[in-house]
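Residue numbers (our numbering): 2 to 764.
All C-beta atoms, glycine included, are put in the ideal place defined by N, C-alpha and C.
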Amino acid sequence: MKRVGTDSNTTFNPSRFFLDSQPITFIKDDQQQPMEVESLSRNPNSGSFGVSPTLGELLKRVGDVQNGNETPNHQVLEMTDGGLGLEPRSLPLPFVLSFSNLTYSIKNRRKMRFPNCFGRTRSKLGAAGDPVLESDNNNYSSNAKIILNDISGEARDGEILAVLGASGSGKSTLIDALANRMAKGSLKGSITLNGEPLESRLLKVISAYVMQDDLLFPMLTVEETLMFSAEFRLPRSLSKSKKKARVQALIDQLGLRNAAKTVIGDEGHRGVSGGERRRVSIGTDIIHDPIILFLDEPTSGLDSTSAFMVVKVLQRIAQSGSIVIMSIHQPSYRIIGLLDRMIFLSRGQTVFRGPPSTIPQFFAEFGHPIPEKENRTEFALDLIRELEVSPGGTKGLVEFQKSWQTAKRPGNLDSQQQDLSLNDAISASISRGKLVSGTTNDSSSTKVSRFVNPFWAEIAVLSKRSVTNTRRMPELLGIRLGAVLVTGFILATIFWHLDNSPKGVQERLGFFAFAMSTTFYTCADALPVFLQERYIFMRETAYNAYRRSSYVLSNSIVVIPSLIFLSFAFAATTFWAVGLAGGVKGFFFYFGIILASFWAGSSFVTFLSGVVSHVMLGYTVVVAILAYFLLFSGFFINRDRIPDYWLWFHYMSLVKYPYEGVLQNEFQDPTKCFVRGVQMFDNTPLEVAPTATKVMLLQSLSSTLGINITSTTCVTTGTDILIKQGVTDLSKWNCLWVTIAWGFFFRILFYFALLLGSKNKRK
2 MKRVGTDSNT TFNPSRFFLD SQPITFIKDD QQQPMEVESL SRNPNSGSFG VSPTLGELLK
62 RVGDVQNGNE TPNHQVLEMT DGGLGLEPRS LPLPFVLSFS NLTYSIKNRR KMRFPNCFGR
122 TRSKLGAAGD PVLESDNNNY SSNAKIILND ISGEARDGEI LAVLGASGSG KSTLIDALAN
182 RMAKGSLKGS ITLNGEPLES RLLKVISAYV MQDDLLFPML TVEETLMFSA EFRLPRSLSK
242 SKKKARVQAL IDQLGLRNAA KTVIGDEGHR GVSGGERRRV SIGTDIIHDP IILFLDEPTS
302 GLDSTSAFMV VKVLQRIAQS GSIVIMSIHQ PSYRIIGLLD RMIFLSRGQT VFRGPPSTIP
362 QFFAEFGHPI PEKENRTEFA LDLIRELEVS PGGTKGLVEF QKSWQTAKRP GNLDSQQQDL
422 SLNDAISASI SRGKLVSGTT NDSSSTKVSR FVNPFWAEIA VLSKRSVTNT RRMPELLGIR
482 LGAVLVTGFI LATIFWHLDN SPKGVQERLG FFAFAMSTTF YTCADALPVF LQERYIFMRE
542 TAYNAYRRSS YVLSNSIVVI PSLIFLSFAF AATTFWAVGL AGGVKGFFFY FGIILASFWA
602 GSSFVTFLSG VVSHVMLGYT VVVAILAYFL LFSGFFINRD RIPDYWLWFH YMSLVKYPYE
662 GVLQNEFQDP TKCFVRGVQM FDNTPLEVAP TATKVMLLQS LSSTLGINIT STTCVTTGTD
722 ILIKQGVTDL SKWNCLWVTI AWGFFFRILF YFALLLGSKN KRK
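In structure tokens, the structure reads:
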């Protein structure tokens, strides 16, 4: 089934198609315009088609074969008492998205100016000799750059509105403006749906936005990716089987049946092709069958066949009763035949607006007729580029476009009015099968819930997705485990069975300081985890797929099993090999404090990943701050020796609390002796003296002090060591709880970082 373009004097009717399997008669005009079905009756008075088969009836009779690939019909879920059915959609519902006088500008940053002796005369933008593009709009100051300038138009359900223009013309900005991805107050103009202002909360529920980049988890299959999207976006009232049915129908619709079990892939894993990846990206956002679909360059980077298949899918989505608005750089001739309306932009201004069939007439009246065998859009874009570099620019074309739009002709699509209010239209859309997430049909109004699933369900789905994706990359956990085991093995062999001599005490202190700091440095590999998911998270939360708090809790829960495994491996490798004190109870506390250190370190690094957007910059910050934590932990310099103006950093050090906890676990026994008699002279110049000399010195010292000190007298206990190290503030259990609390504190900070830093809107 091949779609036929429309002209400006007819109303869009989804019945206007070639019928490949039916013997019908075609007509063709002299301008080689697309052919129309003659057998469909037409009402000459209204300019529209009369009684004709509905799209659902038509699709039951007609197949669509393009380039040898069958493109299945768009199917939706019907929520009826009898169960879930997969039926072709009937005629599109009456939705009209109108926008008028959209204007958006940004302030140019002023650059530092130097006297002329430092260089050539600088232009207003600060670059030597660079021309400055002045705006014709006197309402804006000279230091403001206008990105969109008085853009108007409309988009209807059942149609595709394409925004065209050269790079930098404002295509993506216009899509963002319509999708409410602009900061509040920065966009001027009005956007309405069925004549009513479109609220941000409602728009998030009834719309979807497909970014230019394919943001997908690499180790999930196509089917799993769409299934997780269904879990997020479809109402929980639908059973698992109904959601699976929706996913399977969508896979057929997107033409992804052969790739359903294939992983998405990335640079290191072979996966689906570029065109399939793009269709999966679209599928994740249309799983809930949105009323409005925005797409930013959906054909970018694709070959002509893949690009055509993508737009063909978008046509099916539009015919299901959705408004499809997309930006596209330079469509092929076949793609033009799938578009219903086009807007050409040049430096933020409209130079053409209307159906593709009116392009030849428009440019002919402008004085630049399009040659017969030339692609109309290529000709138009080339002409616009030529005008942009000409002295007068595109000002003449912009003015002509305004006058051309003013001369409304009878039957023009823009002049038609809608009878249904917005609430009525949405309610009717839902009743006919539109699975608008979070929306319930009510007799009086359309109620909108921000999120489709409860809090706990979001956590479960997010956790399952993360585990599934991570499980298929076991090398990541393997590398972490290898690093922990190698570090533990090196420490175990270097500090093998430490004794209780003064040297053994110093070696224990060094072991604990290195071991605790190593646990934090090992957590640095958590940094790229969120950085790789950042834009997936921003895309999904921008339209309320799940709560940010659900993501934070899920992220916290998923890391705990791996942290337990790594902590036990490190503790078991080092505790008995080094000869630490405490027996079984001491081991479990040692394991617990290492686990708490891993938890706090992972939380700290995760928080930084929410603040720092670049991996290398993040690693630099993490390594530097962890080094400061170690410096102020109390190992290199006791708390009493730290200057008062740095003392606050000592209490903020994450390494301080686990370090003091393991010291107390090791030296808490007041009856255990670490320095006896002649060992007093260790680590002094008298250490090399003969033992007999040391005994004589002890006798002399005893007579002077009046205390009998023999070679076996205990001089220093574990308690003395703790006092000497300044470890007297907290008990070992309090050190454990404080370390765990630091982990929760940084998780809370991570939530606020996501809340404040992931708005994903232009300023």
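- Relative to the alpha-carbon of residue 611, which residue among 453, 470, 99 and 535 has its alpha-carbon at the smallest distance? 535
- Could you have a look at residue 205 and say whether DSSP puts it in helix, strand or coil? helix
- Message: Tell me the rounded alpha-carbon separation between residue 818 and residue 648.
- Response: Look at the range of the chain in this structure, 2 to 764, and you will see that residue 818 is not part of it.
- Beta-carbon spacing of residue 664, residue 513 below 8 Å: yes
- Message: On the DSSP bridge list, what partners appear for residue 108?
- Response: 145
- Task: Using 10 angstroms around the beta-carbon of residue 139, count the other beta-carbons present and answer buried if the total reaches 16, otherwise exposed.
- Result: In this prediction, residue 139 scores a pLDDT of 44, lower than 50, which makes its location untrustworthy; the coordinate-derived value is nonetheless stated afterwards. Exposed: under 16 other Cβ atoms inside 10 Å.
- Task: Starting from the N-terminal side, write out each stretch of the beta strand (DSSP E) that is 3 residues or longer and does not extend beyond the segment 635-719.
- Result: 674-677 and 715-718
- Query: If you draw a straight line from the alpha carbon of residue 751 to that of residue 518, how long is it in whole angstroms?
  - Reply: 22 Å
- Apart from the five residues on each side of it in sequence, which residues of its chain come closer than 8 Å, Cβ to Cβ, to residue 258? 252
- Message: Please state whether the Cβ-Cβ distance between residue 318 and residue 163 is less than 8 Å.
- Response: no
- What is the rounded straight-line gap between the Cα of residue 736 and the Cα of residue 234? 43 Å
- Item | Status (buried if at least 16 other CB within 10 Å, exposed otherwise) for residue 191 | exposed
- Spatial neighbours of residue 493 in its chain, beta-carbon cut-off 8 Å, leaving aside the 5 residues before and after: 574, 575, 578 and 579
- Task: Would you kindly report the start and end of the unbroken alpha helix (DSSP H) that includes residue 525?
- Result: Where residue 525 is concerned, there is no enclosing alpha helix (DSSP H), given that its DSSP letter is neither H nor E.
- Taking just the CA atoms, how far does residue 168 sit from residue 175? 13 Å
- Item | Residues of its chain near residue 482, where Cβ-Cβ distance is below 8 Å and the 5 sequence neighbours each way are ignored | 566, 567 and 570
- With distances taken from CA atoms, which of 474, 681, 560 and 367 is nearest residue 404? 367
- Can you tell me whether residue 704 is buried or exposed, with buried defined as 16 or more other CB within 10 angstroms of its CB? exposed
- Taking contact to mean at least 3 C-beta pairs separated by less than 8 Å, is the segment 272-288 in contact with the segment 205-212? yes
- Query: Any heavy atom of the ligand ATP within a distance shorter than 7 Å of the CB on residue 348?
  - Reply: Ligands are entirely absent from the displayed structure, and the ligand ATP is therefore not among its contents.
- Tell whether a beta-carbon distance below 8 Å holds between residue 636 and residue 650. no
- Roughly how many angstroms lie between the CA atoms of residue 702 and residue 710, to the nearest whole one? 8 Å
- Query: Going by the beta-carbon positions, is the gap between residue 623 and residue 525 smaller than 8 Å?
  - Reply: yes
- Query: Taking three-plus beta-carbon pairs below 8 Å as touching, is the segment 472-480 in contact with the segment 238-257?
  - Reply: no
- Count the other C-beta atoms from every protein chain shown that fall within 10 angstroms of the C-beta of residue 95, then say buried if there are 16 or more, exposed otherwise. buried
- Message: Does residue 686 pass the burial test, meaning 16 or more other C-beta atoms within 10 Å, or should it be called exposed?
- Response: exposed
- Exposed or buried, what is residue 280 when buried is set at 16 or more other beta-carbons lying within 10 Å of its beta-carbon? buried
- Residues in its own chain within less than 7 Å of residue 101 by CB, not counting five upstream and five downstream? 153, 190 and 191
- Query: Is the distance from the Cβ of residue 591 to the Cβ of residue 666 below 8 Å?
  - Reply: yes
- Message: Using only the alpha-carbon positions, how far apart do residue 676 and residue 730 sit?
- Response: 24 Å
- Message: Less than 8 Å between the C-beta atoms of residue 324 and residue 352, yes or no?
- Response: no
- Over the uninterrupted beta strand (DSSP E) stretch that includes residue 327, give me the two end residues. 324-328
- By Cβ distance below 7 Å, which residues in the same chain neighbour residue 598 in space, the five residues on each side in sequence not counted? 517, 520, 521, 659 and 740
- Backbone secondary structure at residue 730 - three-state DSSP: coil
- Message: Classify residue 339: buried if its beta carbon has 16 or more other beta carbons within 10 angstroms, exposed otherwise.
- Response: buried
- Whole-number beta carbon distance between residue 294 and residue 276, since they are thought to touch under 8 Å: Going by Cβ atoms, the distance from residue 276 to residue 294 rounds to 18 Å, so no, they are not a contact pair.
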